[in-house]
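Written below as structure tokens is the structure these notes are about.
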Amino acid sequence: MTPIPETDVQSFVLLRLGDRRFAIMATQIAELVAPSRIFRFPHRTSEVEGVILRRGRIVPVCDVAEKLLGKGLQSRRFYLIVQRRYNSQTEWVALPVSGDCELINAEMTLPSDTDTPHVSGWLSHAGDVIEVLNLAALTPGPTEIAPTPAPPQLQEARP
Amino acid sequence: MRPLSPTKTPAARTEQIILFRVSGQIFAVSSASVQEVRGVDSLSGAAKEMSYPALRKVKYFVRRGENSLYIINAAMHFGLPPAPPALVFVLRRTRTALLIDGIEKMTSMSRLQALPLAYCNEERIWYRGLTALDQTVVPVIKPDGFLTPDELFLLDASLSQEADAEAIRQAERNARLDRQDEPRDQQDASITQ
Numbered sequence: 011m012t013p014i015p016e017t018d019v020q021s022f023v024l025l026r027l028g029d030r031r032f033a034i035m036a037t038q039i040a041e042l043v044a045p046s047r048i049f050r051f052p053h054r055t056s057e058v059e060g061v062i063l064r065r066g067r068i069v070p071v072c073d074v075a076e077k078l079l080g081k082g083l084q085s086r087r088f089y090l091i092v093q094r095r096y097n098s099q100t101e102w103v104a105l106p107v108s109g110d111c112e113l114i115n116a117e118m119t120l121p122s123d124t125d126t127p128h129v130s131g132w133l134s135h136a137g138d139v140i141e142v143l144n145l146a147a148l149t150p151g152p153t154e155i156a157p158t159p160a161p162p163q164l165q166e167a168r169p
Numbered sequence: 164m165r166p167l168s169p170t171k172t173p174a175a176r177t178e179q180i181i182l183f184r185v186s187g188q189i190f191a192v193s194s195a196s197v198q199e200v201r202g203v204d205s206l207s208g209a210a211k212e213m214s215y216p217a218l219r220k221v222k223y224f225v226r227r228g229e230n231s232l233y234i235i236n237a238a239m240h241f242g243l244p245p246a247p248p249a250l251v252f253v254l255r256r257t258r259t260a261l262l263i264d265g266i267e268k269m270t271s272m273s274r275l276q277a278l279p280l281a282y283c284n285e286e287r288i289w290y291r292g293l294t295a296l297d298q299t300v301v302p303v304i305k306p307d308g309f310l311t312p313d314e315l316f317l318l319d320a321s322l323s324q325e326a327d328a329e330a331i332r333q334a335e336r337n338a339r340l341d342r343q344d345e346p347r348d349q350q351d352a353s354i355t356q
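These protein sequences, in sequence, are chains A and B.
At position 74 of the first sequence the residue is numbered 84 (my numbering), and the sequence of numbers has no breaks.
At position 115 of the second sequence the residue is numbered 278 (my numbering), and the sequence of numbers has no breaks.
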């Protein structure tokens, strides 16, 4: 008798990157916004392009298409702002996407040992098998370094 | 019934900052962190050249009392294209001075946002955080983020080695001069005899 894989009905947001679709759990989505000016400054984290200003927050922009498709997006229609969870806090990260996003309810199949770390599960939707993305594996974070505790998200300037 | 006393909203604390340019990129530094602003020409007399291949951004140093102040090329530090610097910021409570292109303006910031955690490399040492000014985002530098304690130790050691080598060279030069003078002294002695 083969064990039945664990499944769960949940809400997901489908996003388009080039000609492929991926999914992110709806609970991890903050909003979908039109592209705005990216502010760039020197840094050494190649996965981060720059930052955008959104509702008074400074939000880093990560083009995950490079990791998922092997090339950056040719055209950007929106930024999907996701909530990236770090050890002790959650921060917004903007992912450029190339098409409309869609909210669906589906059952997620858990990943197998052979799946890459950026896959947190699989969905079957409209005849497609869609990867559910693991944001922690896909976007950079300080787990590899950061020996110092992270400063608070917003702090008042002190003279 | 007593009327409610009007509540005062506390005035937002602000911090004076200097916006400056390095290779066309705007950065901010707290004005309290800048001890002196000098033209590069005014420093050229006091600055001595140094060469430490592992830290190419440090090309000059200045003796200040018992310590050396290391002059850092900000463009090289941030990996920006080289640009001729015009000014030097001597940074307070550090042993670094910064070569920059120019000052944009002085202003104040009321909010400093921590660098997003997605930035997870050296930039965490470089910046105190980011601030939004006039609908742009400006990184606010950390004055002690230009040289780590290890790098300062290496630079001090390099200068100390150079000083030792120079002392040995000087001693050898003196010894050579003494040897050259010796036969003449003996000759002079024989003439007087």
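Glycine included, every Cβ here is placed at the ideal spot set by N, Cα and C.
Owing to the predicted nature of the structure, the values given are computational and were not obtained by experimental measurement.
(message) For PRO106 of chain A and VAL74 of chain A, what's the separation of their Cα atoms in angstroms?
(response) 8 Å
(request) Please classify PRO279 of chain B: does DSSP put it in a helix, a strand, or coil? (result) coil
(message) If distances are taken between C-alpha atoms only, which option among B:MET272, B:ALA209, B:PRO245 and B:VAL301 comes closest to TYR233 of chain B?
(response) B:ALA209
(request) Would you please verify whether the beta carbon of GLY151 of chain A is less than 8 Å from any beta carbon of chain B? (result) yes
(request) Please list the residues of the stretch 100-130 of chain A that have a C-beta atom closer than 7 Å to any C-beta atom in chain B, keeping them in chain order. (result) GLU101 and VAL103
(request) Check whether the Cβ of GLN188 of chain B lies closer than 8 Å to any Cβ atom in chain A. (result) yes
(message) Classify ASN236 of chain B: buried if its beta carbon has 16 or more other beta carbons within 10 angstroms, exposed otherwise.
(response) buried
(message) Whole angstroms are fine: how far does the CA of GLU325 of chain B sit from the CA of THR149 of chain A?
(response) 46 Å
(request) Using beta-carbon positions only, say whether ALA104 of chain A and PRO152 of chain A come within less than 8 Å of one another. (result) no
(request) Select from B:ARG339, B:ALA320 and B:ARG342 the residue whose C-alpha is nearest the C-alpha of SER231 of chain B. (result) B:ALA320
(message) Please tell me whether GLY131 of chain A and THR119 of chain A are closer than 8 Å, where the distance is taken between their beta carbons.
(response) yes
(message) If I follow the unbroken alpha helix (DSSP H) through ALA238 of chain B, where does it start and stop?
(response) 237-240
(request) Scan the stretch 63-91 of chain A and note each continuous alpha helix (DSSP H) run of 4 residues or more that stays entirely inside, going in chain order. (result) 75-79
(request) Please name the residue or residues paired with MET269 of chain B in a DSSP beta bridge. (result) B:ILE181
(message) Buried or exposed for ALA33 of chain A, going by 16 or more other Cβ atoms inside 10 Å?
(response) buried
(request) Out of A:GLU141, A:ALA40 and A:ILE48, state which residue places its alpha-carbon closest to the alpha-carbon of SER122 of chain A. (result) A:GLU141
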